[in-house]
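Chemist: Take a look at the following structure, please.
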Amino acid sequence: MKIYDTLSQKIREFHPLDDNKVKMYVCGPTVYDYPHLGHARCYITWDVVSRYLRFKGYDVTYVRNITDVDDKIINRARENNLTPKELATTYYKEFQKAMEALNVAPPDIEPKATETIEDMIKIIKKLEEKGYAYASEGDVYFRVSKFKKYGRLGKQSIDDLQSGARVEASDKKENPLDFALWKAIKTENEISWDSPWGKGRPGWHIECSAMSEKYLGEQIDIHAGGQDLIFPHHENEKAQSEACFDKDFVNFWMHNGFVTTNNEKMSKSLGNFLTINDLLEKYDANTIRLFILTNHYRMPVEFADESLKAAKNGVKRLKNAFEDIKNTVGEEKIKEAEKLITPIIDEIVKTGQLPFHKIDTVQDIEEIIPASLMENCIKNLKYFITAMDEDFNTSKALSVLFDIASCAQKTRESKNPEASAFCLALLLKLASVLGFDLTKSESLNDELSSQLMELVISIRQKAREEKNWAMSDFIRDELGKLNIVLKDQKDKPTIWSIQD
RNA sequence: GGCGACAUGGCCAAGUGGUAAGGCAGGAGUCUGCAAAACUCUCAUCCCCAGUUCAAAUCUGGGUGUCGCCUCCA
381 MKIYDTLSQK
391 IREFHPLDDN
401 KVKMYVCGPT
411 VYDYPHLGHA
421 RCYITWDVVS
431 RYLRFKGYDV
441 TYVRNITDVD
451 DKIINRAREN
461 NLTPKELATT
471 YYKEFQKAME
481 ALNVAPPDIE
491 PKATETIEDM
501 IKIIKKLEEK
511 GYAYASEGDV
521 YFRVSKFKKY
531 GRLGKQSIDD
541 LQSGARVEAS
551 DKKENPLDFA
561 LWKAIKTENE
571 ISWDSPWGKG
581 RPGWHIECSA
591 MSEKYLGEQI
601 DIHAGGQDLI
611 FPHHENEKAQ
621 SEACFDKDFV
631 NFWMHNGFVT
641 TNNEKMSKSL
651 GNFLTINDLL
661 EKYDANTIRL
671 FILTNHYRMP
681 VEFADESLKA
691 AKNGVKRLKN
701 AFEDIKNTVG
711 EEKIKEAEKL
721 ITPIIDEIVK
731 TGQLPFHKID
741 TVQDIEEIIP
751 ASLMENCIKN
761 LKYFITAMDE
771 DFNTSKALSV
781 LFDIASCAQK
791 TRESKNPEAS
801 AFCLALLLKL
811 ASVLGFDLTK
821 SESLNDELSS
831 QLMELVISIR
841 QKAREEKNWA
851 MSDFIRDELG
861 KLNIVLKDQK
871 DKPTIWSIQD
């Protein structure tokens, strides 16, 4: 598979550094406010990347940190009369809640900056010993001029940066470009830790160098985050880690594009952001995910209500495939189909070939699934893999889901329940690789409501038998107002579902 | 000023030099008591100009427009 690497600005063939183990580090949020759509885009993207790498058989260790100490947290806490820890905890919980609601799988390890201070100090000390860092009035700065490769990731030359003069000049720094590894306390009662340079707290960039090394080692396969982190954050991380460990820090730097509104980046500083909570009131996790994944992860995504609505209807189509087929063939058949297709998917992912050596399995399947349909499923599966192998082309991959859904519906109509279930099983599997859950549906949460619902349906059925269309349509319309949608089926009981 | 992107149908969007995936919306039909869902059919020559080539949305050059980074940001 191929992945675009920001450093080389090229799409390169991906090979893990160590066997099939993938070490992946994603820069997590600074928890000082509600997470917004930009965060959703970012973490959905890396969620899909980690899911797909696992689907491909890689042994992924996914680390995503939480920045729980920094200027913004400290200031915001002060404004609200809270300790930084209290504020960070509040918004960390909000973040977790949002991720769960978006069906973003938790990372394997989620370290917090405040729990990694010791490790940061170790790195800073080493950098100081090696001459890459210097202490100045209790602060410690990274000596940018000593690190020759500085600026390569962000494509900035030190000269240009210096003439840019947007960096904060300070008497404490040898060079305006030098950045803080450690910041001394200014007042006695602010949050701080003891260090060889006195009481203080870490600079922003050092935490990722430390957490990455602590949980994944000195070299990692993938380091990801939003495009806005390329410079200076990732540039600085890279400088610190490589200066400290004398090794290339990261094999593939990956960065996702922004969410924009009115053609402008959605960000906290611009105040034009839409929180995930607000969004979830109107659209569900699948819809938000489809909206995001229709765009390639490196392209900007323009937020528009119309696009979300389009995504919502798209999700409905995929979910209808599941619901229609479940109602026609039953859940048992779908489970059986899942058992049939799993070894096929595994084998194609691994070898690109059908498992011909497992003759028995193939013969069993041939008796149930028509060859042409089988061929179509395999074609789609391979197309999905090819698309995702090309730097995670989710937009292309999604077209496969729609094709399989349509295929499943067609076979359902042609009354081939096994074949239909087989397509559906493939759909569910590939959808889950992209983080969709098509099986989850709104349901009535208590027994009595369900029973009443059955009663209403049977009353309407009586009316229909008596050709009392006025009554039966009235019931259907009124239920519609409650977001309950009825589907009459020929020779089968009416089915209903709750749609948001 | 430096660096990096983007410009494809009504909207969103993929596109690896050989003749435009997919989704949404729209139109026509099948099914249905009517709906809904589903199914079938239908709907573009790719910002402008020049060049390379037998052949370009895809490569080169020049425009025009939009965005991002260079300061906290996913």
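Here the first sequence stands for residues 381 to 880, where the numbers follow this note's numbering. Each residue gets a CB set at the ideal place from its N, CA and C atoms; glycine is no exception.
1) Decide yes or no for the touch test of the segment 750-769 against the segment 826-842: beta carbon pairs closer than 8 Å, at least 3 of them.
2) Taking only runs of the beta strand (DSSP E) that begin and end inside the segment 523-594, which ones reach a length of at least 3 residues, in chain order?
3) As a quick exercise: from Ile725, Ile504, Lys820 and Ile837, pick the residue whose alpha carbon is nearest that of Glu858.
4) I need the DSSP call for Val836, collapsed to helix, strand or coil.
5) Taking 7 Å as the limit between beta carbons, can you name the residues of its chain near Phe854, skipping five residues before and five after?
6) Shortest alpha-carbon distance to Pro409 belongs to which of His613, Gly815, Ala788 and Ile749?
7) Just to confirm, is the Cβ distance from Val524 to Asp551 under 7 Å?
8) For the pair the segment 478-494 and the segment 442-453, tell me if three or more CB-CB distances fall below 8 Å.
9) Would you list the residues sitting across from Gln869 in a DSSP beta bridge?
10) Could you give the first and the last residue of the continuous alpha helix (DSSP H) run that contains Phe435?
11) Per the DSSP calculation, His613 is bridged to which residue(s)?
12) Anyone know if the C-beta pair for Leu462 and Ile453 falls short of 7 Å?
13) Identify the residues that DSSP records as bridge partners of Ile446: which are they?
14) Buried or exposed for Lys426, please, with buried defined as at least 16 other CB atoms from any protein chain shown within 10 angstroms of its CB.
15) Take the Cβ of Leu650 as the centre, count every other Cβ of all protein chains shown within 10 Å, and call the residue buried at 16 or more, exposed below.
16) Quick one: residues in its chain with C-beta nearer than 6 Å to the C-beta of Ser621, no 5 flanking neighbours on either side, listed in chain order?
17) Sort Ser823, Asp771, Lys648 and Leu862 by Cα distance to Met634 and report the nearest one.
18) Please say whether Leu397 and Asp658 have beta carbons closer to each other than 7 Å?
19) Assuming Phe632 is part of the beta strand (DSSP E), what are its boundary residues?
20) Pick out whichever of His395, Pro415 and Cys422 has its Cα sitting closest to the Cα of Lys367.
21) What did DSSP end up calling Lys505 once you bin it into helix, strand or coil?
22) In whole angstroms, what separates the C-alpha of Lys579 from that of Ala560?
23) By the 10 Å Cβ neighbour count, where 16 or more other Cβ atoms means buried, how is Asn666 classified, buried or exposed?
24) Please return the same chain residues whose Cβ sits closer than 8 Å to the Cβ of Gln536, not counting the five positions on each side in sequence.
25) The beta strand (DSSP E) spanning Asp601 covers which residue range?
26) Find the nearest neighbour of Lys465 within the set Asp499, Val411, Gln476 and Thr567, judged by alpha-carbon distance.
27) Among the candidates Ile501, Gln476, Ala801 and Ser592, whose CA atom is the shortest distance from the CA of Ile656?
28) Measure the Cβ-Cβ separation of Leu810 and Phe764 and say whether it is below 7 Å.
29) According to DSSP, is Asp626 helix, strand or coil?
30) Report the three-state DSSP secondary structure of Asp880 (helix, strand or coil).
31) Any idea what DSSP makes of Ala751, helix, strand or coil?
32) Under 6 Å Cβ to Cβ from Arg678, same chain only, skipping five residues before and after it: list those, please.
33) So, for Tyr432: in the same chain, excluding its five sequence neighbours on each side, which residues have a beta-carbon less than 7 Å away from its beta-carbon?
34) Please classify Pro873: is it buried, with 16 or more other beta-carbons within 10 angstroms of its beta-carbon, or exposed?
35) Out of Val709, His585 and Glu393, which has the shortest C-alpha to C-alpha gap to Asn796?
36) Quick one: is Ala799 buried, meaning 16 or more other Cβ sit within 10 Å of its Cβ, or exposed?
Modeler: A quick look at the data gives this:
1) no
2) 559-564 and 580-582
3) On the first sequence, position 478 is the one that residue 858 refers to. Here the closest residue by C-alpha is Ile837.
4) Counted from its first residue, the first sequence places residue 836 at position 456. Helix, per DSSP.
5) Looking up residue 854 in the first sequence gives position 474. Here the set comprises nothing.
6) As a first step, residue 409 is located in the first sequence; it is residue number 29 there, counting from the start. Out of His613, Gly815, Ala788 and Ile749, His613 has the C-alpha closest to the C-alpha of Pro409.
7) Taking the first residue of the first sequence as 1, we reach residue 524 at position 144. Taking the first residue of the first sequence as 1, we reach residue 551 at position 171. No, the pair does not count as a contact, with Cβ atoms beyond the cut-off.
8) yes
9) On the first sequence, position 489 is the one that residue 869 refers to. Note: Gln869 sits in a beta bridge opposite Lys872.
10) Your numbering for residue 435 matches position 55 in the first sequence. Phe435 -> alpha helix (DSSP H) spans Leu417 to Phe435.
11) Taking the first residue of the first sequence as position 1, residue 613 is located at position 233. In the DSSP output, where bridge partners are listed per residue, His613 has none listed.
12) Residue numbering aside, residue 462 sits at position 82 when the first sequence is read from its first letter. Residue numbering aside, residue 453 sits at position 73 when the first sequence is read from its first letter. Not closer than 7 Å, so no.
13) For the purposes of this step, residue 446 is taken as residue 66 along the first sequence, with counting starting at 1. Note: Ile446 sits in a beta bridge opposite Lys492.
14) Along the first sequence, one-based indexing puts residue 426 at 46. The displayed chain sequence assigns Trp, not Lys, to residue 426. Label assigned to Trp426: buried.
15) Reading the first sequence from its first residue, position 270 is the one you call residue 650. By the 10 Å Cβ count, Leu650 comes out exposed.
16) Residue numbering aside, residue 621 sits at position 241 when the first sequence is read from its first letter. Here the set comprises Ser589 and Phe629.
17) Indexing the first sequence from 1 puts residue 634 at position 254. Minimum Cα distance to Met634 is reached at Asp771.
18) As a working mapping, residue 658 is identified with position 278 in the first sequence. As a working mapping, residue 397 is identified with position 17 in the first sequence. For Asp658 and Leu397, no; Cβs fall outside 7 Å.
19) Counted from its first residue, the first sequence places residue 632 at position 252. It spans Val630 to Asn636 - the beta strand (DSSP E) in which Phe632 sits, taken as one unbroken run.
20) Examination of residue 367 is not possible in this model, given that the chain is present from 381 through 880 alone.
21) Position 125 of the first sequence, counted from the start, is the residue given in the question as residue 505. In the structure shown, Lys505 sits in a helix (DSSP, three-state: H, G or I).
22) In the first sequence, residue 579 corresponds to position 199, counting from 1. In the first sequence, residue 560 corresponds to position 180, counting from 1. One C-alpha to the other measures close to 14 Å.
23) Here residue 666 refers to the residue found at position 286 of the first sequence. Classification of Asn666: buried, given that the 10 Å Cβ count is 16 or more.
24) Within the first sequence, numbered from 1, the residue matching residue 536 stands at position 156. Excluding sequence neighbours, Gln536 sits near Phe611 and Glu615.
25) Indexing the first sequence from 1 puts residue 601 at position 221. Ile600 to Gly606 is the extent of the beta strand (DSSP E) around Asp601.
26) Along the first sequence, read from residue 1 onward, the residue named residue 465 stands at position 85. Among Asp499, Val411, Gln476 and Thr567, the Cα nearest to that of Lys465 belongs to Val411.
27) Sequence index remark: in the first sequence, residue 656 carries index 276 (1-based). Checked all of Ile501, Gln476, Ala801 and Ser592; the closest Cα to Ile656 is Gln476.
28) The residue you call residue 810 lines up with position 430 of the first sequence. The residue you call residue 764 lines up with position 384 of the first sequence. Contact flag set, yes.
29) Looking up residue 626 in the first sequence gives position 246. Asp626 falls in the coil class under three-state DSSP.
30) Working through the first sequence from its first residue, we reach residue 880 at position 500. Here Asp880 sits in coil by DSSP.
31) The residue given as residue 751 occupies position 371 in the first sequence. Helix at Ala751.
32) Position 298 of the first sequence, counting from 1, holds the residue named residue 678. The answer, listed in chain order, is Gly637.
33) For this step, residue 432 is matched to residue 52 along the first sequence. Correct list, in chain order: Met768, Phe772 and Val813.
34) Counting from 1 along the first sequence, the entry for residue 873 is found at position 493. When all chains shown are included, Pro873 counts as exposed.
35) By one-based count along the first sequence, residue 796 stands at place 416. It is Val709 whose Cα lies nearest to the Cα of Asn796.
36) Within the first sequence, the letter at position 419 stands for residue 799. Label assigned to Ala799: buried.
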